[in-house]
């Protein structure tokens, strides 16, 4: 982010955090947390091959590609 | 024909009075005429839409049985992926991306013969209540072009009100279908969580996001709801249960003996006078139609907004990590020797807008070790309390009601610099998402003080979506007989048309 964005955001963050901190007023230890509206357990499916994207389709939105793979900037240390 | 409802258009096509190709072209003509003012659309698929229309016309010509919405045009919120069609989610980071697959609901609509005209504008990644956070500029409310059309699905709601499309798809994480419907005088439904597949919906907050139908009438929304609903193995959170009988409910519109609970906490200070008076008037009409009106209390709803602005940003900070400049979308700063991490940072700095950055940072903070229990953990407990409030309330009433939004449409720019004021727009819609239940907004009239539409919200227990349509259709019919004509017949003319 730019310095200007950071300055703006840090003021806003204080205000927003103060407002959302209200949740602590009622969140006592005896209340169980809810992460999701549905009472779902692990959802699995049979392990069978179904049609899916071809490599060309999967690569179609890549900013850079090479030899049928995603081409990415260097991911290890600067000194090669 | 563009001012008719979707089911009237379908009936006219079935009777051979008009072809889908002609109907589709009429809508493109209308868009060409008014969308410079409204800016509901980000992309138009003339070729694909007209080809689909001709396919439906040919099938009909051969005497084949087609679906009840076959040949009817629709506007698709740009947060739903459609194969080969530019999909941006209102963000620069996805500019120019063409998805290699269709969302499940897109597949279902194509199979039903629905004609997708194009992609509609929305707040970036659906984060907002005004469509001002779109990287492609705001959408204007057809009732007053200086006002917001709601958000995040402002493009979808505006396209309906401007007669650019009779049907639209929205997504609702905290009110993004219902609040835009309220401020544009249209109908919008957030189905029960899990009732409509999220496969191909670009994720904002996965435990809250839900796609749903937008239309100008309750029956049209029901017809579209039935097309897109149902279990989808591609979405692990899709509910494997039978689809609620929403079309039957919308056709019967019966409320005799139904208990309607007015949520005390969602109708008081902070709600505009005209919003409240139209709400009271609608309650009276429902009582006259035979419904029993009771008052219910949901004391923990006052914490819903705070909990939402912890849960949604937390989930979004995780979901938006996928925009890493590696596999699709924008990549900036990729000069020789620049590390992948720096490229990712530069891309996100340029690619994400202010509200998105704000929420990613807020969510990251709320999930960070040391703050997790105080923020995200507490918000999850509030979510439990809200669900308990709903359970208690639904023990006393079949449906709950409230105004959809506390005010009518405000001016573009008015709340852009005050995130907390902006977040308040969703105060009445957020509890529904937190509990994963079903909600609808339909027009209840115009506020006397500003002449802008007000919305009436109906809430139903999980997988009882049909109750929304029974009550919604009853209220719609009562209001129609009171007004003598649909609310949208009073909308000011656009583009010098009519």
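Protein chains in written order, with the working numbering: chain P, 823 to 902; chain W, 873 to 1370. Heads up, the beta-carbon is just placed ideally off N, CA and C, and yes, glycines get one too.
9 Å Cβ cut-off: residues of chain W touching residue i
i: residue 870 of chain P; result: Those do not exist, as residue 870 of chain P stays about 12 Å from chain W at its closest Cβ, beyond 9 Å.
Test item: CB-CB of residue i and residue j under 8 Å
i: residue 1073 of chain W; j: residue 951 of chain W; result: yes
i: residue 944 of chain W; j: residue 881 of chain W; result: yes
i: residue 1333 of chain W; j: residue 1266 of chain W; result: yes
i: residue 941 of chain W; j: residue 1091 of chain W; result: no
i: residue 995 of chain W; j: residue 962 of chain W; result: yes
i: residue 1276 of chain W; j: residue 1329 of chain W; result: yes
i: residue 1025 of chain W; j: residue 1048 of chain W; result: yes
i: residue 1084 of chain W; j: residue 1060 of chain W; result: yes
i: residue 1180 of chain W; j: residue 1306 of chain W; result: yes
i: residue 1034 of chain W; j: residue 1052 of chain W; result: no
i: residue 873 of chain W; j: residue 884 of chain W; result: yes
i: residue 865 of chain P; j: residue 1108 of chain W; result: yes
i: residue 1163 of chain W; j: residue 1127 of chain W; result: yes
i: residue 1175 of chain W; j: residue 848 of chain P; result: yes
i: residue 837 of chain P; j: residue 1178 of chain W; result: no
i: residue 1166 of chain W; j: residue 1136 of chain W; result: no
i: residue 999 of chain W; j: residue 1203 of chain W; result: no
i: residue 1020 of chain W; j: residue 1068 of chain W; result: no
i: residue 1088 of chain W; j: residue 1157 of chain W; result: no
With 16 other Cβ atoms within 10 Å as the buried cut-off, status of residue i
i: residue 1370 of chain W; result: Because the pLDDT of residue 1370 of chain W is 40, which lies under 50, any placement of that residue in the model is unreliable, and the question is left without a value.
i: residue 1012 of chain W; result: buried
i: residue 879 of chain W; result: buried
i: residue 924 of chain W; result: buried
i: residue 934 of chain W; result: exposed
i: residue 1254 of chain W; result: buried
i: residue 832 of chain P; result: exposed
i: residue 897 of chain P; result: exposed
i: residue 902 of chain P; result: In this predicted model, residue 902 of chain P has a pLDDT of only 46, less than 50, meaning its place in the structure is not dependable; the value taken from the coordinates is given anyway. Exposed is the call here.
i: residue 1082 of chain W; result: buried
i: residue 1241 of chain W; result: exposed
i: residue 877 of chain P; result: exposed
i: residue 1298 of chain W; result: buried
i: residue 862 of chain P; result: exposed
i: residue 991 of chain W; result: buried
i: residue 949 of chain W; result: buried
i: residue 1356 of chain W; result: exposed
i: residue 891 of chain P; result: exposed
i: residue 854 of chain P; result: exposed
i: residue 1371 of chain W; result: Missing from the structure shown is residue 1371 of chain W; chain W here goes from 873 to 1370 and no further.
i: residue 877 of chain W; result: buried
i: residue 826 of chain P; result: exposed
i: residue 1040 of chain W; result: buried
i: residue 1114 of chain W; result: exposed
i: residue 870 of chain P; result: exposed
Partners in chain P for residue i, counting only beta-carbon separations shorter than 9 Å
i: residue 1234 of chain W; result: 835, 838, 839, 842
i: residue 921 of chain W; result: Going along chain P, no residue has its Cβ under 9 Å from residue 921 of chain W, so there is no contact; the nearest lies around 22 Å.
i: residue 1230 of chain W; result: 831, 834, 835, 838
i: residue 1291 of chain W; result: 834, 837, 838
Integer-rounded CB distance, given that residue j should sit under 8 Å from residue i
i: residue 958 of chain W; j: residue 915 of chain W; result: 5 Å
i: residue 1359 of chain W; j: residue 1042 of chain W; result: Not a contact, Cβ separation roughly 19 Å.
i: residue 856 of chain P; j: residue 897 of chain W; result: 49 Å between Cβ atoms; not a contact.
i: residue 988 of chain W; j: residue 946 of chain W; result: 6 Å
i: residue 1018 of chain W; j: residue 1363 of chain W; result: Residue 1018 of chain W to residue 1363 of chain W, Cβ: 15 Å. No contact.
i: residue 1004 of chain W; j: residue 1288 of chain W; result: 6 Å
i: residue 1055 of chain W; j: residue 1280 of chain W; result: 6 Å
i: residue 826 of chain W; j: residue 874 of chain P; result: Chain W is shown only over 873 to 1370; residue 826 of chain W falls outside these bounds and no answer can be derived.
i: residue 1150 of chain W; j: residue 1300 of chain W; result: At roughly 14 Å, the Cβ-Cβ gap does not stay under 8 Å, so residue 1150 of chain W and residue 1300 of chain W are not in contact.
i: residue 1327 of chain W; j: residue 1062 of chain W; result: Not a contact, Cβ separation roughly 13 Å.
Per-residue contacts from residue i into chain P (C-beta, under 8 Å)
i: residue 1079 of chain W; result: 857, 858, 859
i: residue 1239 of chain W; result: Here the premise fails: no neighbours, minimum Cβ distance about 12 Å.
i: residue 1259 of chain W; result: 856, 859
i: residue 1221 of chain W; result: 823, 824
i: residue 958 of chain W; result: By Cβ distance, chain P contributes nothing, its closest Cβ being about 11 Å from residue 958 of chain W, past 8 Å.
Neighbour list for residue i in chain P, Cβ cutoff strictly below 7 Å
i: residue 1172 of chain W; result: 848
i: residue 1250 of chain W; result: 845, 846, 849
i: residue 1109 of chain W; result: 860, 862
i: residue 1255 of chain W; result: 856
i: residue 1391 of chain W; result: Outside the displayed span of chain W (873 to 1370) sits residue 1391 of chain W, for which this structure offers no information.
Closer than 8 Å at the beta carbon, the chain W residues around residue i
i: residue 883 of chain P; result: 969, 970, 971, 972, 1199, 1200, 1201
i: residue 879 of chain P; result: 972, 973
i: residue 829 of chain P; result: Ordered by position in chain W, no residue passes the 8 Å Cβ test against residue 829 of chain P, which lies about 13 Å from the chain.
Cβ-heavy atom distance, residue i to the ligand COA, below 7 Å
i: residue 919 of chain W; result: Questions concerning the ligand COA fall outside what the structure shown contains, since it holds no ligand whatsoever.
Contacts of residue i in chain A (Cβ-Cβ under 8 Å)
i: residue 867 of chain P; result: Of the chains in the structure shown, none is chain A; the protein chains are P and W.
### Uninterrupted alpha helix (DSSP H) stretches inside the segment 1018-1052 of chain W (no shorter than 4 residues)
Listed in chain order, the complete alpha helix (DSSP H) runs (minimum 4 residues) inside the segment 1018-1052 of chain W are 1026-1033.
### Message
Which complete beta strand (DSSP E) runs does the segment 1252-1329 of chain W hold, if anything under 3 residues is left out?
### Response
Positions of the beta strand (DSSP E) runs, each at least 3 residues long and wholly inside the segment 1252-1329 of chain W, are given as 1271-1275, 1310-1318 in order along the chain.
### Task
Please specify which runs of the alpha helix (DSSP H), each continuous and at least 4 residues long, are wholly inside the segment 1100-1124 of chain W, giving them in chain order.
Counting only runs that start and end inside the segment 1100-1124 of chain W, the alpha helix (DSSP H) elements of at least 4 residues fall at 1118-1124.
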